[in-house]
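In our numbering, the protein residues as written are -17 to 500.
Note that CB positions come from ideal geometry on N, CA and C, so glycine has one too.
#1: Taking the continuous alpha helix (DSSP H) assigned at residue 316, which residues delimit it?
#2: Per DSSP, residue 131 forms a beta bridge with which residues?
#3: Determine the direct distance from the alpha carbon of residue 399 to that of residue 392, and round the result to whole angstroms.
#4: Taking only runs that begin and end inside the stretch 68 to 121, name each unbroken beta strand (DSSP E) of 3 or more residues, in chain order.
#5: Quick check: what's the CA-CA separation for residue 500 versus residue 438?
#6: For residue 82, is the classification buried or exposed, using 16 other Cβ atoms within 10 angstroms of its Cβ as the cut-off for buried?
#7: Please go through the same chain and pick out, in chain order, the residues whose beta-carbon is closer than 8 angstroms to the beta-carbon of residue 423, but skip the five residues on each side of it.
#8: Could you spell out where the alpha helix (DSSP H) holding residue 430 opens and where it closes?
#9: Just checking my contact of residue 14 with residue 44 at CB under 8 angstroms: how many whole Å lie between their CB atoms?
#10: Can you tell me which of 262, 433, 463 and 396 puts its alpha carbon nearest to the alpha carbon of residue 451?
#11: Taking the straight line between their C-alpha atoms, what separation do you get for residue 475 and residue 481?
#12: How far does the beta strand (DSSP E) with residue 363 in it extend, from its first residue to its last?
#13: Please report the distance separating the alpha-carbon of residue 25 from that of residue 9.
#14: Considering only their Cβ atoms, is the gap separating residue 448 from residue 394 smaller than 9 angstroms?
#15: May I ask you to list the residues that DSSP assigns as paired with residue 16?
#16: Measure the C-alpha to C-alpha separation of residue 460 and residue 120 and round it to an integer number of angstroms.
#17: Return the chain-ordered list of same chain residues with a C-beta closer than 6 angstroms to the C-beta of residue 132, the five sequence neighbours on each side being excluded.
#18: May I ask which residues mark the beginning and end of the beta strand (DSSP E) holding residue 343?
#19: Taking C-alpha atoms, which residue in 233, 341, 202 and -7 lies nearest to residue 283?
#20: To the nearest angstrom, report how far apart residue 64 and residue 111 are at their CA atoms.
#21: Under a three-way DSSP split, which group does residue 210 fall into?
#22: If we require 4 or more residues per run, which alpha helix (DSSP H) segments fall completely within the stretch 444 to 476?
#23: Are the CB atoms of residue 401 and residue 473 within a distance shorter than 9 angstroms?
#24: Only counting the same chain, and skipping five residues up and downstream in sequence, which positions put a Cβ closer than 6 angstroms to that of residue 222?
#25: For residue 47, which residues in the same chain have their Cβ closer than 7 angstroms to its Cβ, ignoring the five residues on either side in sequence?
#26: Do residue 73 and residue 106 have their beta-carbon atoms positioned less than 9 angstroms apart in this structure?
#27: Taking DSSP as the reference, what is the three-state secondary structure of residue 180?
#28: Can you name, in chain order, every residue of its own chain whose Cβ lies under 6 angstroms from the Cβ of residue -4, other than the five neighbours on each side?
#29: Does the Cβ-Cβ distance between residue 365 and residue 336 come in under 9 angstroms?
#30: With three or more C-beta pairs closer than 8 angstroms as the rule, is the stretch 338 to 350 touching the stretch 159 to 169?
#31: Could you say which of 17, 413, 465 and 11 lies nearest to residue 38 if we only look at CA atoms?
#32: So if DSSP puts residue 322 in a beta bridge, which residue, or which two residues, is it bridged to?
#33: Looking at the unbroken alpha helix (DSSP H) that takes in residue 49, where does it start and where does it end?
#34: Report the residue from 272, 254 and 374 whose alpha carbon sits nearest the alpha carbon of residue 298.
#35: Is DSSP giving residue 142 helix, strand or coil here?
#36: For residue 11, count the other beta carbons within 10 Å of its own beta carbon; 16 or more makes it buried, fewer makes it exposed. Which is it?
This is the structure in structure tokens:
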């Protein structure tokens, strides 16, 4: 049987993502809509700008039934991947579910010859079914087609799914404008209402669910000066990039081929948005009398030499892109509260096919010892792991980069002891709440590794100590997967790809490779 698993995100970040400036819905495991934001309600045609926010118009409805009702707005010739994905999911359900929950979708598909062909020919497991292009007519101007990159994320611990429509191409300025108008009519902070899970007061509604962001030192962090040159970085960012980025300009990093590759279609909307932030925040420096004016001109000349920069400039000029309203509020109030800017996807240092997923959170750093200067500020950018796989990768990175002395020259037993200590650190991390911002991996590792080295030798019924250690590691890995936060395959891949980069860790890489195949 083929096993399909969508990109995972933490429950806390998943629900909070409903506040992002994209049409976003929160679904339960059956596809019933449990949370919406105003943009999602607007895109469905259930909300007009100027109306009160009525999430109950979508809450409780099934996403597949909504598709059946909206088929006239979703052209088949522009949405084959979308319909193939939806059909595959439905065809995998049992007969009872198809007759009850998904019957409207199946009936609508079979009523149209083109859609019927797509439904019947859809494979049971399409490739990358969690990501596809999506085109739908404007809810109020049907002659306008809106284009998105749709992404589905699975909330960890069976928390449901998050469906996000990232606007691309000419759709971005339309969504930006609608979002601004919705904010103006509904308040400074976009209100979000969700139904809590059944075990937690099923009828209660939550308003204004914000980001509960908890920062730890092993999260990648950089500091940008007023002109967005990268002037500081923490160890986590340096280790993740496998290089120092200090001295670079933000756009030299952001438009690098590697970053553009991993952002994919989202880059089309995030790059102009980032440039709009830059242009808005540096507007005062365009005045000749400003003391940063000359450096600003030099910066623009430097950036103009970058491949893709000029095309991003052209797109940003013609698109109506608005700042995150929280950013504007914080700027006016001289607040250093963090605000969300965009998603960031980067490769695992030892294996490019492993994608690390982050939320980019920014806060203003005003000069100390004087009144805040609105036109002079630094920016602290912290990448918050979206899922536990990314969190585990970041907490393991310093331990993998700086192992105990001479670990590569020791016996297989001592290498296994080190690996067991790493697994137990991960186990402790997964049992520690996000609110505990003091937790860092180095102290637990020293404590756990020291205890393992000092414990009495183990042997049982003729089994060697190495065999006993391998058994203990297998049990620890199994228990971690059962907690539902990081899969066995993901954890083994993170460790195995690192071990492969060091030939003298062959006993470890052989063990991990064997575990990956069983």
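In short, the structure shows the following:
#1: Within the chain shown, the letter at position 334 stands for residue 316. That residue, residue 316, is in no alpha helix (DSSP H); it is neither H nor E in DSSP.
#2: As a first step, residue 131 must be located in the chain shown, where it is residue number 149. Answer by DSSP bridge pairing, in chain order: 115 and 148.
#3: By 1-based counting over the chain shown, the position of residue 392 is 410. By 1-based counting over the chain shown, the position of residue 399 is 417. Computed Cα separation, rounded: 11 angstroms.
#4: Segments of the beta strand (DSSP E) lying fully in the stretch 68 to 121: 113 to 119.
#5: Within the chain shown, numbered from 1, the residue matching residue 500 stands at position 518. Within the chain shown, numbered from 1, the residue matching residue 438 stands at position 456. When rounded, the distance between both Cα atoms is 30 angstroms.
#6: Residue numbering aside, residue 82 sits at position 100 when the chain shown is read from its first letter. In summary, residue 82 is exposed, with fewer than 16 beta-carbon neighbours lying within 10 Å of its beta-carbon over all protein chains present.
#7: By one-based count along the chain shown, residue 423 stands at place 441. Excluding positions up to five away in sequence, the list reads 200, 377, 378, 380, 381, 407 and 411.
#8: Sequence index remark: in the chain shown, residue 430 carries index 448 (1-based). Residues 424 to 436.
#9: Mapped onto the chain shown, residue 14 falls at position 32. Mapped onto the chain shown, residue 44 falls at position 62. Between residue 14 and residue 44, the beta carbon gap of about 5 angstroms places them in contact (Cβ cut-off 8 angstroms).
#10: Reading the chain shown from its first residue, position 469 is the one you call residue 451. Of the listed residues, the one whose Cα sits closest to residue 451 is 396.
#11: Mapped onto the chain shown, residue 475 falls at position 493. Mapped onto the chain shown, residue 481 falls at position 499. Computed Cα separation, rounded: 10 angstroms.
#12: Stepping through the chain shown from its first residue, residue 363 is reached at position 381. 359 to 367 is the span of the beta strand (DSSP E), which, as asked, contains residue 363.
#13: Sequence index remark: in the chain shown, residue 25 carries index 43 (1-based). Sequence index remark: in the chain shown, residue 9 carries index 27 (1-based). One alpha carbon belongs to residue 25, the other to residue 9, and they sit about 16 angstroms apart.
#14: Sequence index remark: in the chain shown, residue 394 carries index 412 (1-based). Sequence index remark: in the chain shown, residue 448 carries index 466 (1-based). Taking 9 angstroms as the Cβ cut-off, residue 394 and residue 448 qualify as a contacting pair.
#15: The residue given as residue 16 occupies position 34 in the chain shown. In DSSP, residue 16 forms no bridge with anything.
#16: In the chain shown, counting from the first residue as 1, residue 460 sits at position 478. In the chain shown, counting from the first residue as 1, residue 120 sits at position 138. Computed Cα separation, rounded: 48 angstroms.
#17: Indexing the chain shown from 1 puts residue 132 at position 150. If the five residues before and after residue 132 are omitted, its C-beta is found closer than 6 angstroms to the C-beta atoms of 114, 116 and 147, all from its own chain and listed in chain order.
#18: Here residue 343 corresponds to residue number 361 of the chain shown, with the count starting at 1. Looking at the DSSP string, the run of the beta strand (DSSP E) that includes residue 343 is 333 to 348.
#19: Taking the chain shown and counting its residues from 1, one reaches residue 283 at position 301. Ranking 233, 341, 202 and -7 by Cα distance to residue 283 puts 233 first.
#20: Here residue 64 corresponds to residue number 82 of the chain shown, with the count starting at 1. Here residue 111 corresponds to residue number 129 of the chain shown, with the count starting at 1. Spanning the alpha carbons of residue 64 and residue 111 requires a straight line of approximately 8 angstroms.
#21: Position 228 of the chain shown, counting from 1, holds the residue named residue 210. The answer is coil: DSSP assigns residue 210 none of H, G, I, E or B.
#22: If we require 4 residues or more, the alpha helix (DSSP H) runs fully inside the stretch 444 to 476 come out as 447 to 464.
#23: Here residue 473 refers to the residue found at position 491 when the chain shown is read from its first residue. Here residue 401 refers to the residue found at position 419 when the chain shown is read from its first residue. Not in contact: residue 473 and residue 401 (Cβ atoms no closer than 9 angstroms).
#24: In the chain shown, residue 222 corresponds to position 240, counting from 1. Counting only Cβ-Cβ distances below 6 angstroms, and skipping sequence neighbours, we find 202.
#25: For the purposes of this step, residue 47 is identified with residue 65 of the chain shown, where counting begins at 1. Spatial neighbours of residue 47 in its own chain (CB-CB distance under 7 angstroms, excluding positions within 5 residues in sequence) are listed in chain order as 86 and 87.
#26: Residue 106 sits at position 124 when you count from the first residue of the chain shown. Residue 73 sits at position 91 when you count from the first residue of the chain shown. Contact: yes.
#27: By one-based count along the chain shown, residue 180 stands at place 198. Its pLDDT being 40, under 50, residue 180 is placed unreliably in this model, and the value from its coordinates should be taken loosely. It is coil, neither helix nor strand.
#28: Walking along the chain shown from the start, residue -4 turns up at place 14. Contacts found: 137 and 144.
#29: Locating residue 365 in the chain shown gives position 383, counting from the first residue. Locating residue 336 in the chain shown gives position 354, counting from the first residue. Going by C-beta atoms, residue 365 is not nearer than 9 angstroms to residue 336.
#30: Output reads no: the stretch 338 to 350 does not touch the stretch 159 to 169.
#31: Residue mapping note: residue 38 aligns to position 56 of the chain shown, counting from 1. Of 17, 413, 465 and 11, the residue nearest in Cα terms is 17.
#32: Translated into the one-based positions of the chain shown, residue 322 becomes position 340. Per DSSP, 343.
#33: The count along the chain shown starts at 1 and reaches residue 49 at position 67. Unbroken alpha helix (DSSP H) run through residue 49: 45 to 52.
#34: Looking up residue 298 in the chain shown gives position 316. Checked all of 272, 254 and 374; the closest Cα to residue 298 is 254.
#35: Indexing the chain shown from 1 puts residue 142 at position 160. Looking at residue 142 - three-state DSSP - the assignment turns out to be strand.
#36: Taking the chain shown and counting its residues from 1, the one referred to as residue 11 is at position 29. Exposed, since its Cβ has fewer than 16 Cβ neighbours within 10 Å.
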